[in-house]
Amino acid sequence: NSLLGNIWWFLDPALQLFVYFLLVSVIFQQAQPAILLFLGSAILPWKWFSAALASATTSVRGREQVMRQIAFPHLVLPASSVLASAANFTFALVPLGALYLLYPDRLTPWALAVLPVAVVQFLWTVPVVIMLSAVAVFFRDISNFIPHALRIWFYLSPALFPLEKLQALGDQYPWFGFFVTINPFTWLFSGYRDALYYGRSPQWEVLGILALASIPATLLSIYFFRRVSPLFVKVL
C-alpha cells in the first residue's frame, strides 16, 4: 500500500545523499570536489546491493504457499529477486545522471563504462542472494542481522572517503588493509568512480578478476541451494 511506490528509488537515494553530504562535508569536514557525485557513485550502487539482500531473506521464505501448491524449480525465486532489484536500480540511475547538471565538467564518454561495472556487481549479487535466500529459510533471525552487517560493510568500504585514505589506514592496521583488498566493493566503488566521477577508464584487470571469481561463487551457491531446497517445504 505504498503511496509513492518506485518513486522511493528516486527519493531514498536523494535523502541518503543529503545525510551523507552533511556527515562528510559538515561534521567530518572531508568534502571532495563535486561531493554529491562522489558520494552518489557509491551510495546508489550500494542501495541496489543492500535492497537485493533484503529481499533475498524473504524470496523463498515468503513463498511457502506457492511452493506447496505448484511444483517448480525453487531457484526461480532468488533469481527473480535479483532481476527485480537490478530493474529497480535503473530508477536510481536517473538521480545519478541528474547530478551532472550540477557538475557538467565531470561528464565524459567514460560514464558509459558504468554499464560493465554494473554487470560485474550483478555477477557478485547473484551468488550472495542465492545463498542468503536458502540460509534464511532455516535461520529466520538472519533478516534482523543483515542490516547491521551491511552497515558495517558499507562503512569499511571506500564509499564516503577516497580509497587512498582507507589504504593509508590499512598500512597502520594490516587486518584492515587485508579486508579492503579482498572486499569486492572496494573495486566496484572504484570502478564506478573512475567512470562517473574521475572520467577515466576503470581498472579492467581487477574487474575481470572479480567477474571470474564470481563463477565459482555462483556454482557453489547453486549447489548449496539445490542440496537444501527439498527441505524448504518441510521447514516452512
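Numbering follows the working numbering, with no gaps: position 112 of the sequence shown is 745. Every residue, glycine too, gets a C-beta built ideally from N, C-alpha and C. All figures in this text were calculated on a predicted structure; none of them were measured in a lab.
When the options are compared against residue i, the one with the closest alpha-carbon
| i | options | result |
| --- | --- | --- |
| V750 | P678, E697, A667, V709 | P678 |
| G695 | S714, T758, T851 | S714 |
| G841 | Q698, P728, W757, Q665 | W757 |
| V868 | E797, G810, P835, V693 | V693 |
| Y831 | F671, P646, L656, V657 | F671 |
| L821 | F772, Q698, L796 | L796 |
| P849 | T741, V761, F654 | V761 |
| D738 | L845, P835, L843, L829 | L829 |
| E697 | L734, F722, A769, Q649 | A769 |
| V866 | N777, F705, L732 | F705 |
Sequence-distant residues of its chain with Cβ nearer than 8 Å to residue i (five each side left out)
| i | result |
| --- | --- |
| L708 | I763, I855, F858, R859, S862 |
| A717 | S688 |
| F755 | V715, A719 |
Close beta carbons around residue i, own chain, < 7 Å, minus the five adjacent residues each side
| i | result |
| --- | --- |
| L765 | L686, A689, T690 |
| F787 | W679 |
| Y825 | S674, A675, P678, V747, V750 |
N-terminal and C-terminal residue of the alpha helix (DSSP H) that residue i is part of
| i | result |
| --- | --- |
| Y825 | 817-826 |
| R739 | Element bounds for R739: n/a, residue is neither H nor E. |
| I640 | Where I640 is concerned, there is no enclosing alpha helix (DSSP H), given that its DSSP letter is neither H nor E. |
| V693 | Segment: none, V693 is in no alpha helix (DSSP H) and carries neither H nor E. |
| R859 | 837-861 |
| G803 | 796-805 |
6 Å Cβ shell around residue i - same chain, five flanking residues per side excluded
| i | result |
| --- | --- |
| V813 | L799, G803, T819 |
| T851 | V759, P760 |
CB contact below 8 Å: residue i versus chain C
| i | result |
| --- | --- |
| R773 | Given the protein chain composition of this structure (a single chain), no chain C is represented. |
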